[in-house]
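Counted the way our numbering counts, the sequence shown spans residues 2 to 113. Backbone N, C-alpha and C define an ideal beta-carbon position, used for all residues, glycine too. Predicted model, so just to flag it, every value in this text is computed and none were measured. Worksheet: one structure, shown below.
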Amino acid sequence: MELTCHCGNVNIKLESPPSEVGECNCSICRRYAASWAYFSPKQVEVTCSEETDFYCWGDKEVEFHRCSICGCLTHYVTTEKCDSNILAVNMKMAENEVLAAIPVRKIDGASY
């Protein structure tokens with residue numbers, strides 16, 4: 002499965018479609034309105050012509066990446082400060098019919 006940002010600069014290849022997406026209500030995810038699919042970095046290939054910009058806040062455990070051209074939030078990666086090694090893909094980059102077929106799990110990140 003392949004996903005791209007709006008302008009096509011960021012291309013993300015997944016080994017397989019996710020079995021679910023997570024919608025988190027923490028302070029940043031609710032603002033981003035992202036639908037996250039969680040993978041091991043080995044399961045995802047991210048390529049881009051122009052480097053992505055990223056934002057890292059709070060505990061500095063997660064880098065949220067966006068296309069430096071069109072601004073689409075594409076993915077996040079955990080940093081070495083995090084106990085987990087995760088690459089989360091914003092599935093809002095998928096076509097509507099693809100996203101509609103994936104079950105949604107609500108995540109209460111605001112309570113952590």
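Grouping DSSP H, G and I as helix and E and B as strand, with all else coil, what is residue i?
i      : result
Gly110 : helix
Glu98  : helix
Cys25  : strand
Roughly how many whole angstroms lie between the Cα atoms of residue i and residue j?
i      : j     : result
Trp58  : Ser85 : 17 Å
Arg32  : Val63 : 16 Å
Ser112 : Ile70 : 34 Å
Thr53  : Asn91 : 14 Å
Exposed or buried, residue i, counting other C-beta atoms within 10 Å across all chains shown (16 or more means buried)?
i     : result
Pro18 : exposed
Arg67 : buried
Val11 : buried
His7  : exposed
inquiry  = In chain order, what are the residue ranges of uninterrupted beta strand (DSSP E) at least 3 long that sit wholly in the segment 39-83?
reply    = 45-49, 54-57, 63-67 and 74-79
query = Do the segment 44-53 and the segment 92-112 make contact, defined as three or more Cβ pairs closer than 8 Å?
reply = no
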